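Notes for the one structure printed next.
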Amino acid sequence: MLRHLHILILILSIAFTTAVHAADRPNFLWVTSEDNSPYLGCYGDAQAQTPNLDKLASEGIRFRNFFANAPVCSAARSTLIAGMYGSSLGIQNHRSKVAIPDSFKTYPEVLRAAGYYCTNNSKTDYNIVGRNKIWDESSNKAHYKNRKPGQPFFAVFNFTSSHESQVAPKAGKTTFRIPPEKIVLPPYHPDEPDIRRDWANYYDQMTIMDGQVGAVIDELKRAGLAEDTFIFYYGDHGGAMPGGKRSIQDRGTRVPLVVRIPGKWAKASPVAAGQWVDDLATFVDLPPTVFNLAGIETPKNYQGKPFLGEGRTAPRDEVFMHRGRMDERYDFSRSVRTQNFRYVRNYSPHRPWGQNYSYPFQVQPSMRAWYASFEAGRCNEAQAAYWKPKAASELYAITTDPFELANLASKGPQNPKVAELHQHLVRQMTETRDTGFIPEGMVPRLAGDKTIYDYAQSNAYPIGDIISLADIASDAQPEALPEFIKLLKHEHPVMRYWAATGCLILKDKAAPAKDALLAALADPMADVRVVAAEALGYIGETEKAVAALQGVLRDGNVYESLAALNTLDFMTGAGHVPLARAQAMVKDLKLAEPADRIQKFILDGRKWR
């Protein structure tokens, strides 16, 4: 009898200890919505109807300056799941598959090792390969209720009702909460009926999303868990409407973040409930913030800073964002954002902000309408800018120019703010060993059996010299042409690539480099050959350029082929290669995704059908 009593006391003691331990460790509920900027009532949007999120904001705190580190889903999510800038790990390109060092644990793996039950319902969309068990459960049935008794949880619920695929009204829809003719359009969108309809429908979708968020929060409250759980709501990157998603400006990266903090952890907040937080923060800061609140040590490789909890760091002065390949189209931009300014460095100024991306052109009438309006000459300067080649440097005064229409970097003498923020950006790219300067198709050839992160951290990657050359190349300086000619023979292929890119950006002004570019058509690296070929199109050597592209399309890896197809498409658009010839070149190719999309675009007459 006495022995049974001792056993009972032991069991009760263990249960009590477990319960106390669980109560001392907060739960975390993350609710995410896809593709939306702060189009919410609680963020001052008069066109929004979002009562559930408005209520959450009244009970919690709102972050005015919170940003995704990339303006598209997989690159933003990959940065978040890894706790490191995607540009450090080589995971910054849309829907790429890249290995990261085995010793680098994703944030759910860190939480699970600390005893948390981690669920994801249900989107993954990470650019990382080789991680088969990040979550305890990841499916459309994953739920914190499946945890062990007393176990703290971390649960993600993701809603797609605001995704760009939901922008267009469903067939037969004629009634909108806000009539399309009463929608207030952003100044960068022309006044076209399809654009108005899509905006009206998008606000309806935002209201649907708000109801889904409310249901998840109500379920948590009914379970009696609200006072033991931090509730985070945020968007996975900027808005789904054309010109938002994929853009490194605020409209593609600034997202809402609302956090409800239980009363017992009130000291974790920098402000009282219902108030604004003006501090700058980004996705890389979210995992360290959760670790700080949970009392877990942040792994040394993580690059963010905690912004909640008693161990939170001083607010950031600036945050950084990266943009790489989007869908099947190549581009390359980096950005630094302060409280009052955004500086953007475009390393592909010869490409427009908006390219002919397959997905939005096929699912969004507003995207097609905007481009048609531009082609018809109906767009004003601000509306047409999206479809034109961009400046190498952009500077916007956010407080007076929230839509980022007036590029201060292009007006008058060199703006000291441009020089200051460019220096900060260079420091960031250098310290993080930014892998974005390496062409995607060149990555496996340089890294070999290493991860691209390990390669970029080594002395084999001359990051300082590469950034300096890329800056000169993207500035379109004709006086730099002799240096480009010299560097086309550099021993490092990335240096040769940027020397060729400098020639391409100069177009016909690169004519003195013709012999050096012709020699580059035999470069060991396909990415160098591709850029040299496009440059040669501007100086009258189309036949040899086309032959080089055909060789890459025949023998290159998927990303080298993709680069060659992008070049062929732009050479066709520039009139260097007749459309019929381009169609004949790609007709019988067997190409993997996403290269097959540009193949179809060319075969369909360079129109998305």
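Under my numbering, the residues of the sequence shown are numbered -7 to 601, in order. We treat Cβ as the ideally placed atom computed from N, Cα and C, and that holds for glycine. In this text, all values refer to a predicted model and were calculated from it rather than measured experimentally.
Contacting residues, own chain, Cβ-Cβ under 6 Å from D117 (five flanking each side not counted) | Position 125 of the sequence shown, counted from the first residue, corresponds to residue 117. These residues qualify, in order along the chain: C65, S66, R69.
Would R370 count as contacting chain C if we go by Cβ distances under 7 Å?
-> In the displayed structure, chain C is absent; only one protein chain is listed.
Can you tell me whether DSSP reads K582 as helix, strand or coil?
-> Taking the first residue of the sequence shown as position 1, residue 582 is located at position 590. Coil, per DSSP.
Enumerate, from N- to C-terminal direction, the unbroken alpha helix (DSSP H) stretches of 4 or more residues contained entirely within the region 259 to 302.
-> 278 to 286
Coil, strand or helix - T166 by DSSP | Translated into positions along the sequence shown, residue 166 becomes position 174. The answer is coil: DSSP assigns T166 none of H, G, I, E or B.
Report the option in Q143, I170, D128, I458 whose CA atom is closest to the CA atom of D16.
-> Here residue 16 corresponds to residue number 24 of the sequence shown, with the count starting at 1. For the residues Q143, I170, D128, I458, the minimum Cα distance to D16 belongs to Q143.
Express the C-alpha separation of D519 and D588 in angstroms, rounding to a whole number.
-> Residue mapping note: residue 588 aligns to position 596 of the sequence shown, counting from 1. Residue mapping note: residue 519 aligns to position 527 of the sequence shown, counting from 1. Near 18 Å, if we compare the C-alpha coordinates of D519 and D588.
Where does R601 land, buried or exposed, given buried means 16+ other C-beta within 10 angstroms?
-> Residue mapping note: residue 601 aligns to position 609 of the sequence shown, counting from 1. By the neighbour-count rule (16 or more Cβ atoms within 10 Å), R601 is not buried but exposed.
Helix, strand or coil: which one does DSSP assign to C110?
-> Position 118 of the sequence shown, counting from 1, holds the residue named residue 110. Residue state, collapsed to three classes: strand.
Quick one: Cα of Y35 to Cα of P248, how far?
-> By one-based count along the sequence shown, residue 35 stands at place 43. By one-based count along the sequence shown, residue 248 stands at place 256. Looking at the two C-alpha atoms, the distance is approximately 8 Å.
Neighbourhood of V250 by C-beta, 6 Å cutoff - its chain only, sequence neighbours within 5 removed = Start at 1 with the first residue of the sequence shown, and residue 250 comes out as number 258. If we look at V250 and ignore the five residues flanking it on each side, its Cβ neighbours are L48, A49, G52, R54, Y225.
Going straight from the alpha carbon of L473 to that of A574, what length do you get?
-> If you number the sequence shown from 1, residue 473 lands on position 481. If you number the sequence shown from 1, residue 574 lands on position 582. One C-alpha to the other measures close to 30 Å.
If you draw a straight line from the alpha carbon of T281 to that of F299, how long is it in whole angstroms?
-> Along the sequence shown, one-based indexing puts residue 281 at 289. Along the sequence shown, one-based indexing puts residue 299 at 307. So the alpha carbons of these two residues sit roughly 6 Å apart.
For H155 versus M318, is the C-beta spacing smaller than 7 Å?
-> Your numbering for residue 155 matches position 163 in the sequence shown. Your numbering for residue 318 matches position 326 in the sequence shown. No.
Whole alpha helix (DSSP H) elements within the region 340 to 392, 4-residue minimum | 350 to 355, 357 to 367, 373 to 376
Would you say T24 and D228 are within 7 Å of each other, going by their C-beta atoms?
-> The residue given as residue 24 occupies position 32 in the sequence shown. The residue given as residue 228 occupies position 236 in the sequence shown. Going by C-beta atoms, T24 is nearer than 7 Å to D228.
Candidates A260, P291, C495, R360: which alpha carbon is nearest S471's?
-> Position 479 of the sequence shown, counting from 1, holds the residue named residue 471. Here residue 471 is Glu; the residue named in the question, Ser, does not match the sequence. Here the closest residue by C-alpha is C495.
Can you give me the Cβ contacts of E533 inside the same chain, cut-off strictly under 8 Å, excluding the 5 residues immediately before and after it?
-> As a first step, residue 533 must be located in the sequence shown, where it is residue number 541. Taken in chain order, the residues that qualify are K506, L509, L510.
Continuous alpha helix (DSSP H) assignments of at least 4 residues falling wholly in the region 205 to 254 = 242 to 245
Assuming Q295 and M76 form a contact by the criterion Cβ under 8 Å, report the distance between their Cβ atoms to the nearest whole angstrom.
-> As a first step, residue 295 must be located in the sequence shown, where it is residue number 303. As a first step, residue 76 must be located in the sequence shown, where it is residue number 84. Between M76 and Q295 the Cβ distance is about 5 Å, and since that is below 8 Å, they are a contact.
Three-state secondary structure (DSSP) at M318?
-> For the purposes of this step, residue 318 is taken as residue 326 along the sequence shown, with counting starting at 1. Here M318 sits in strand by DSSP.
How far does the beta strand (DSSP E) with Y551 in it reach, from first residue to last?
-> Residue mapping note: residue 551 aligns to position 559 of the sequence shown, counting from 1. From DSSP, Y551 is part of no beta strand (DSSP E) but of the alpha helix (DSSP H) over 550 to 565.
Segment contact, 8 Å Cβ cut-off, at least three pairs: the region 341 to 361 with the region 231 to 239 | yes
Pairing CB atoms from the region 320 to 331 with CB atoms from the region 278 to 293, are three or more of them under 8 Å?
-> no
Would A14 be called buried (16 or more neighbouring beta carbons within 10 Å of its own) or exposed?
-> One-based indexing of the sequence shown puts residue 14 at position 22. The predicted model places A14 with a pLDDT of 48, which falls under 50 and marks its position as unreliable; any figure quoted below should be read in that light. Buried, since its Cβ has 16 or more Cβ neighbours within 10 Å.
Inter-residue spacing [alpha-carbon to alpha-carbon] between A163 and I175 | Counting from one through the sequence shown, the residue named residue 163 turns up at place 171. Counting from one through the sequence shown, the residue named residue 175 turns up at place 183. Spanning the two alpha carbons is a distance of roughly 20 Å.
When burial is assigned at 16 or more other CB atoms within 10 Å of the CB, is I209 buried or exposed?
-> What you label residue 209 is simply residue 217 of the sequence shown in a count that begins at 1. Buried.
Under the rule that 16 or more other beta-carbon atoms within 10 Å means buried, what is P586, buried or exposed?
-> Mapped onto the sequence shown, residue 586 falls at position 594. Buried, since its Cβ has 16 or more Cβ neighbours within 10 Å.
Would you list the one or two residues that DSSP bridges to Y31?
-> Against the sequence shown, residue 31 aligns to sequence position 39. Beta-bridge pairing links Y31 to no other residue.
Nearest to Q331 by CA position, among D277, D393, M359, is which residue?
-> Here residue 331 corresponds to residue number 339 of the sequence shown, with the count starting at 1. Checked all of D277, D393, M359; the closest Cα to Q331 is D393.
Among residues of its own chain, excluding the 5 on either side of L557, which ones have a beta-carbon nearer than 6 Å to its beta-carbon?
-> For this step, residue 557 is matched to residue 565 along the sequence shown. Excluding positions up to five away in sequence, the list reads A587, I590.
Apart from the five residues just before and just after A105, which ones in its own chain have a Cβ nearer than 8 Å to its Cβ?
-> In the sequence shown, residue 105 corresponds to position 113, counting from 1. So the qualifying residues of the chain are K97.
Could you have a look at N124 and say whether DSSP puts it in helix, strand or coil?
-> Here residue 124 refers to the residue found at position 132 of the sequence shown. Coil.
What residue range is occupied by the uninterrupted alpha helix (DSSP H) comprising L510?
-> On the sequence shown, position 518 is the one that residue 510 refers to. Here the alpha helix (DSSP H) through L510 covers 506 to 512.
Between which two residues does the beta strand (DSSP E) carrying S327 extend?
-> Here the question's residue 327 lines up with position 335 in the sequence shown. S327 -> beta strand (DSSP E) spans 325 to 329.
Is D580 near S358, with beta carbons less than 7 Å apart?
-> If you number the sequence shown from 1, residue 580 lands on position 588. If you number the sequence shown from 1, residue 358 lands on position 366. No, Cβ-Cβ distance for D580 and S358 is not below 7 Å.
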